[in-house]
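Just below is one structure, and these are the notes that go with it.
4 protein chains.
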Amino acid sequence: MKQIKCIGILTSGGDASGMNAAIRAVTRSAICNGYTVKGIYRGYEGLIRNEIKELTTQDVSSIIQRGGTILKTARSKDFMTPEGRKVAYDNMVAAGIDALVVIGGNGSLSGAQIFANEFDVPCIGLPGTIDNDLYGTDSTIGYDTALNTIVDCVDKIRDTATSHDRIFFVEVMGRDAGFLAQNSAIASGAEAAIIPEDQTDVDQLEKFIGRGFRKSKNSSIVIVSEAPKNGGAMYYAERVKNEYPQYDVRVTILGHLQRGGSPSAYDRILASRLGVGAIEALKEDQRNVMIGIRNDKIVYVPFTEAIKKDKPLDKSLIEVLDELSI
Amino acid sequence: MKQIKCIGILTSGGDASGMNAAIRAVTRSAICNGYTVKGIYRGYEGLIRNEIKELTTQDVSSIIQRGGTILKTARSKDFMTPEGRKVAYDNMVAAGIDALVVIGGNGSLSGAQIFANEFDVPCIGLPGTIDNDLYGTDSTIGYDTALNTIVDCVDKIRDTATSHDRIFFVEVMGRDAGFLAQNSAIASGAEAAIIPEDQTDVDQLEKFIGRGFRKSKNSSIVIVSEAPKNGGAMYYAERVKNEYPQYDVRVTILGHLQRGGSPSAYDRILASRLGVGAIEALKEDQRNVMIGIRNDKIVYVPFTEAIKKDKPLDKSLIEVLDELSI
Amino acid sequence: MKQIKCIGILTSGGDASGMNAAIRAVTRSAICNGYTVKGIYRGYEGLIRNEIKELTTQDVSSIIQRGGTILKTARSKDFMTPEGRKVAYDNMVAAGIDALVVIGGNGSLSGAQIFANEFDVPCIGLPGTIDNDLYGTDSTIGYDTALNTIVDCVDKIRDTATSHDRIFFVEVMGRDAGFLAQNSAIASGAEAAIIPEDQTDVDQLEKFIGRGFRKSKNSSIVIVSEAPKNGGAMYYAERVKNEYPQYDVRVTILGHLQRGGSPSAYDRILASRLGVGAIEALKEDQRNVMIGIRNDKIVYVPFTEAIKKDKPLDKSLIEVLDELSI
Amino acid sequence: MKQIKCIGILTSGGDASGMNAAIRAVTRSAICNGYTVKGIYRGYEGLIRNEIKELTTQDVSSIIQRGGTILKTARSKDFMTPEGRKVAYDNMVAAGIDALVVIGGNGSLSGAQIFANEFDVPCIGLPGTIDNDLYGTDSTIGYDTALNTIVDCVDKIRDTATSHDRIFFVEVMGRDAGFLAQNSAIASGAEAAIIPEDQTDVDQLEKFIGRGFRKSKNSSIVIVSEAPKNGGAMYYAERVKNEYPQYDVRVTILGHLQRGGSPSAYDRILASRLGVGAIEALKEDQRNVMIGIRNDKIVYVPFTEAIKKDKPLDKSLIEVLDELSI
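As you go down the protein sequences, you meet chains L, B, D and P in turn. Note that the UniProt record's numbering has the first sequence beginning at 1, numbered continuously upward. Note that the UniProt record's numbering has the second sequence beginning at 1, numbered continuously upward. Note that the UniProt record's numbering has the third sequence beginning at 1, numbered continuously upward. Note that the UniProt record's numbering has the fourth sequence beginning at 1, numbered continuously upward.
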């Protein structure tokens with residue numbers, strides 16, 4: 001196996017708070033261990049466009065507390081073609097990069113896997129997504145921050161809901177996974193959460209209406225996963241309005257403010273540990289693994305597992321919300 | 001003039017952060033000065049429905065830091081009719097209330113004015129609205145908090161905009177006034193603000209596009225006032241998308257999270273001073289005035305002025321944003 | 001075994017953010033499962049003074065987001081005597097309480113253990129302390145919030161340290177455990193952490209000085225555990241000042257602001273799950289156990305283990321900080 | 001008068017949040033108006049050491065939201081000597097700088113005044129200090145942010161004070177001025193404030209004790225100005241402890257965390273407007289004036305006034321606190 005001297009690093013897919021902390025950790029840990037580090041801008045697209053620049057320990061100074069990613073991120077159509085990946089590979093070789101560290105979500109790690117297999121490039125993945133939907137790691141970089149942001153917003157909305165005796169449907173991110181919705185509902189004391197993992201569409205609404213929230217409470221918060229299949233918060237709000245015209249129903253779609261912001265302590269520590277873990281993995285000749293955290297220990301998760309397996313939502317969280325929203 | 005012994009207090013219209021600090025200040029200052037205080041729940045509606053309860057100094061303990069209003073708020077259709085107001089008056093008299101302190105925005109103070117004239121009730125208004133659109137006061141209770149909340153959200157959105165090289169149109173509240181939009185744009189370093197006070201629809205868009213932001217910047221934030229006449233952020237985003245399909249354009253409508261949350265230091269102090277001012281005004285036999293702050297001094301603004309006159313936006317703020325968003 | 005009908009709940013020891021979320025969870029879960037709940041005020045002291053009041057689901061409404069504890073807390077000298085505990089027991093019986101849920105740290109759970117053994121009372125403990133020093137649970141209620149508060153403060157101090165080229169020694173809580181210090185140092189990008197678990201006094205200082213931080217950096221942050229044995233941040237600051245008079249050295253002792261504040265999402269969820277777990281444990285006839293979380297699952301930890309065993313700090317965290325503070 | 005082509009800018013004295021927003025505003029407004037801008041690092045010390053670098057619009061990008069100052073700051077002993085100032089002047093001339101914008105507090109503006117008079121250099125001052133103690137401006141850059149930081153901290157401390165029935169003495173910054181102490185006391189619902197402007201030492205303590213806070217309240221917060229003459233919070237805490245040993249008294253000295261952090265919306269807008277005002281003033285051939293804000297309008301305050309005159313604390317604020325802390 002060729003000795004690794006220079007490590008390339010990129011962020012890909014949707015930005016997540018803590019990506020900068022991960023970039024810092026990978027860069028500094030790599031330099032500490034004798035490697036050179038090159039930053040690739042705008043994800044795989046930047047590899048194709050040859051946007052590559054060496055990173056020093058100074059370049060990653062004072063970024064641990066910043067949201068977004070200093071390496072920028074993008075979704076690359078060209079990288080989905082063999083021709084695009086060939087250009088990417090050639091640029092990588094020309095830049096002297098021997099191994100890649102990719103920070104991103106499911107799609108980004110899938111890209112890394114294909115690339116690694118096609119060109120025999122050692123690739124290490126770091127789970128960077130607010131959705132927390134990667135198998136094999138207890139948490140992903142950005143998830144805890146997004147959760148806190150949502151809870152902070154719902155606390156504010158609760159002030160208005162209570163003051164006006166209203167029902168608010170608040171739509172949150174999470175793609176096909178209900179982690180953000182279910183946990184933000186518990187944390188914000190919401191009356192219900194509507195998540196992809198829980199039953200059918202109609203059941204969910206009935207469950208909510210059937211809870212009898214009207215008897216004891218004058219206001220309610222329902223957290224709704226973004227859900228392309230049924231239209232999210234708007235859809236449920238409309239149905240409740242139609243069936244219960246006496247209620248004062250409002251919708252807030254939190255949108256992109258869920259991604260950014262200064263990372264929480266947890267995300268900074270997680271990103272720091274995973275970044276150090278990535279370099280450790282390369283030193284141990286690991287490749288094509290995602291660095292994860294399980295039971296507070298660093299683990300190596302093969303790409304195939306991280307990407308293919310579904311990460312289940314702990315069903316007991318549904319019961320917790322049910323009991324506590326009485 | 002009849003001696004005032006018991007003061008009724010209510011919050012009305014949209015909730016604003018700092019209303020609780022105002023309730024606390026009115027209540028404690030009143031009690032300090034020998035008055036009894038009665039809280040009226042759900043605004044004028046509660047006066048009609050006779051939802052009235054005495055308030056002690058303890059009842060308003062530990063509320064200065066809380067968003068929303070412990071007295072709740074509502075919009076009352078019945079109070080817009082002479083019959084409704086008659087019921088309200090009768091309940092007020094029955095409860096022994098001699099004077100009213102009304103915390104709310106334009107509509108709420110208009111209601112107070114009509115009520116005061118019809119039944120010769122001493123009414124004092126406190127400006128409570130996030131929109132800052134009341135004439136005669138430099139600021140309204142809730143405005144500074146909402147401004148900080150918006151800026152905090154835009155800071156987060158900026159992380160994503162920069163990471164992805166996107167243009168974000170962020171819609172903020174403010175009704176017909178551009179205070180929140182213009183000032184949050186300055187404070188968040190936005191590239192442009194589209195406000196009701198500034199020119200025509202088409203001009204505003206041209207101005208934004210014509211700024212040449214594309215040459216020197218890869219991402220932009222445009223703050224847009226909620227504006228029923230043209231559709232707000234969605235409208236502008238669509239137009240830019242149509243004319244410049246190469247851009248990655250997104251929209252976030254901040255919505256109701258702008259109202260609540262723990263009040264800023266400024267809003268707590270403002271509410272405290274205005275609340276003390278309301279009792280001072282009653283002691284001085286003032287009536288039908290709004291307590292305002294001008295040049296850091298408490299002032300009495302006749303309802304007619306506060307409600308009828310338009311509060312102008314300082315045009316120099318438009319120039320400040322223009323110069324600083326280069 | 002006597003059937004449990006009424007559950008008493010108290011908070012004890014230093015307050016921790018999330019205690020209210022735990023009180024809410026225990027109360028609602030208990031009521032959901034058919035129990036009556038009685039709140040005991042001011043910890044064991046309140047049991048002795050008979051400060052007991054029934055709690056309804058409404059009583060714990062809108063407290064999930066609040067710091068401190070609505071049940072108040074205290075340290076009780078009388079409860080350390082057999083006579084005091086006898087009075088407490090008699091009051092408990094007189095109030096019809098069949099089982100106790102105690103939320104607190106090491107000392108509080110020790111008290112519960114002694115009480116449980118003396119009077120054969122079913123006691124369940126919930127780990128409530130910002131120090132995270134209870135064995136058998138990955139985290140304690142309040143720890144994540146305190147960590148975020150510290151990191152937020154250090155972010156602010158960093159602004160001043162960088163602007164003035166200064167060295168700041170920041171003292172944080174944590175009693176004999178370095179969790180808060182070590183992890184806040186990683187999360188805030190501090191240059192060093194001085195913790196009880198790591199080596200001797202002199203070594204620590206040499207390590208810090210020997211890092212050569214002066215060569216590459218103009219400012220530094222050192223996080224220091226509160227440490228009765230050597231005097232904490234003041235002690236280290238003095239030594240550095242004496243040996244390196246050219247440096248501009250400052251000290252900030254964060255103090256009690258580390259305890260309160262609205263709990264983080266993590267602490268609210270943790271407290272909610274542990275609270276539900278406490279009732280589940282009572283239903284399963286568990287007693288004299290602390291409810292903990294391990295690998296994201298609820299576990300029962302016998303009091304003897306939770307109290308007696310030392311919870312070790314993961315040594316890899318020391319290496320992570322060492323690598324990343326270059 | 002010599003035509004100004006190049007403007008030098010520096011920050012001096014204690015850092016204040018919003019200084020970066022001011023640097024950005026001065027730089028961009030200057031460039032907008034055809035000037036070249038040079039940044040001087042570490043205040044007057046950097047002028048003496050010749051640490052000068054041109055600033056472009058890009059250099060001040062993404063700094064509006066950051067605490068501290070990218071130009072760094074320092075206190076310079078050499079600048080207090082005629083020799084030091086001569087070196088500074090020579091460097092300034094060599095760098096082609098025709099005018100200076102100085103952002104800082106009292107001492108910094110005094111330095112600017114002396115320098116301006118000695119070498120006939122056009123100097124413009126911007127009030128940058130958390131203490132708000134400059135005459136002629138309603139607010140100074142950094143004051144609103146520091147006030148919010150203090151209130152946020154006291155909100156947290158209140159959680160602990162209430163939970164434990166304690167009296168906390170919280171010491172805040174402000175030098176010889178009580179703005180931060182008095183206003184943070186009002187905003188945080190504190191029971192008392194001890195400020196330099198209010199009466200004598202003994203009176204203040206008696207006033208606090210005499211308020212009878214013990215009758216109706218179990219916990220208290222007293223905000224104390226840092227006050228070299230009597231020792232601040234520690235001094236008062238000791239006296240209360242001695243005279244009333246039954247109370248559980250604690251002290252927290254907030255320290256340097258009061259300076260940094262992301263600036264509030266108000267401070268960002270203020271700094272932006274003052275920065276634009278500085279360039280406007282230079283265009284109007286103003287010199288030796290501080291740009292201030294009065295009644296929401298930009299004003300020019302001669303250095304002599306800004307520095308020499310005492311800015312009075314509105315005494316009505318003392319009454320407001322007295323009435324509301326019952």
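We put the CB at the ideal spot given by N, CA and C, even for glycine.
Is there a Cβ from chain B that is less than 8 Å from the Cβ of residue i?
i, result
"Asp-198(L)", "no"
"Arg-214(P)", "Because the pLDDT at Arg-214(P) is just 48, under 50, the model does not fix this residue reliably, and the point stays unresolved."
"Cys-32(P)", "yes"
"Leu-324(P)", "yes"
"Val-299(P)", "no"
"Gln-286(P)", "no"
"Val-276(P)", "yes"
Can you check whether the C-beta of residue i is within less than 8 Å of a C-beta belonging to chain P?
i, result
"Asn-148(B)", "yes"
"Thr-57(B)", "yes"
"Thr-137(D)", "no"
Indicate whether residue i and residue j have their beta-carbon atoms separated by less than 8 Å.
i, j, result
"Ser-29(L)", "Leu-324(D)", "yes"
"residue 327(L)", "Gly-136(L)", "Since the first and last residues shown for chain L are 1 and 326, residue 327(L) lies out of range."
"Ser-188(P)", "Arg-166(P)", "no"
"Leu-257(L)", "Lys-156(B)", "yes"
"Ala-66(P)", "Ser-220(P)", "It is worth fixing the name first, because residue 66(P) is Arg in this sequence and not Ala. No, they are not a contact pair."
"Ala-99(L)", "Leu-282(L)", "yes"
"Val-26(B)", "Ile-4(B)", "no"
"Val-317(B)", "Gln-182(B)", "Here residue 317(B) turns out to be Leu, not Val, going by the sequence shown. It is a contact, given that the beta carbons lie within the stated cut-off."
Only counting the same chain, and skipping five residues up and downstream in sequence, which positions put a Cβ closer than 6 Å to that of residue i?
i, result
"Ala-116(L)", "Cys-123, Asn-288"
"Arg-214(P)", "With a pLDDT of only 48 at Arg-214(P), under the threshold of 50, the placement of this residue in the model should not be trusted, and no figure is reported."
"Ser-264(B)", "Asp-144, Thr-145, Asn-148"
"Ile-279(D)", "Ser-29, Ala-30, Asn-33"
"Leu-134(L)", "Pro-127, Thr-140, Ala-306"
"Val-249(D)", "Ile-167, Ala-237, Val-240, Lys-241"
"Gly-105(B)", "Gly-13, Thr-129"
Among the residues of its own chain, which have a CB less than 8 Å from the CB of residue i, if the five just before and after it don't count?
i, result
"Gly-232(D)", "Glu-171, Val-224, Ser-225, Glu-226, Ile-253"
"Gly-178(B)", "Ala-193, Ile-195, Pro-196, Glu-197, Asp-198, Ser-225, Leu-313"
"Lys-53(B)", "Lys-38, Gly-39, Tyr-41"
Checking contacts by CB at 8 Å: is residue i closer than that to chain L?
i, result
"Asp-131(B)", "no"
"Thr-160(B)", "yes"
"Cys-153(B)", "yes"
With a threshold of 8 Å between beta-carbons, can residue i be considered close to chain D, or not?
i, result
"Asp-144(P)", "no"
"Ser-62(P)", "no"
"residue 330(L)", "This structure leaves residue 330(L) out entirely; chain L is present only between 1 and 326."
Apart from the five residues on each side of it in sequence, which residues of its chain come closer than 7 Å, Cβ to Cβ, to residue i?
i, result
"Ser-184(P)", "Leu-147, Ile-150, Val-151, Val-154, Val-172, Ile-223"
"Arg-268(L)", "Gly-18, Ala-21, Ile-64"
task = Could you run through the stretch 242 to 272 of chain B and flag, in chain order, every residue whose CB is less than 9 Å away from some CB of chain P?
result = Taking 9 Å as the Cβ-Cβ cut-off against chain P, the residues of the stretch 242 to 272 of chain B that qualify are Ser-262, Pro-263, Ser-264, Ala-265, Tyr-266, Asp-267, Arg-268, Ile-269, Ser-272.
query = What runs of the beta strand (DSSP E), each 3 residues or longer, lie entirely inside the stretch 20 to 81 of chain P?
reply = Those beta strand (DSSP E) runs which fall completely within the stretch 20 to 81 of chain P and span 3+ residues are 36 to 40, 52 to 54.
key: Segments assigned alpha helix (DSSP H), at least 4 residues, entirely inside the stretch 220 to 304 of chain P   = 232 to 243, 265 to 283
query = Counting only runs that start and end within the stretch 100 to 173 of chain B, where is the alpha helix (DSSP H) found for 4 or more residues in a row?
reply = 106 to 119, 143 to 164
ask   = Residues in the stretch 19 to 53 of chain L with C-beta within 9 Å of chain D's C-beta atoms, listed in sequence order?
value = Ala-21, Arg-24, Ala-25, Arg-28, Ser-29, Ile-31, Cys-32, Asn-33
key: Chain-ordered residues of the stretch 67 to 98 of chain L with a beta carbon less than 8 Å from chain B   = Interface annotation for the stretch 67 to 98 of chain L against chain B: Gly-67, Gly-68, Thr-69, Lys-72, Thr-73, Ala-74, criterion Cβ-Cβ distance under 8 Å.
ask   = Between the stretch 175 to 190 of chain L and chain D, which residues of the former have CB atoms less than 9 Å from a CB of the latter, in chain order?
value = Asn-183, Ser-184, Ile-186, Ala-187, Ser-188, Gly-189
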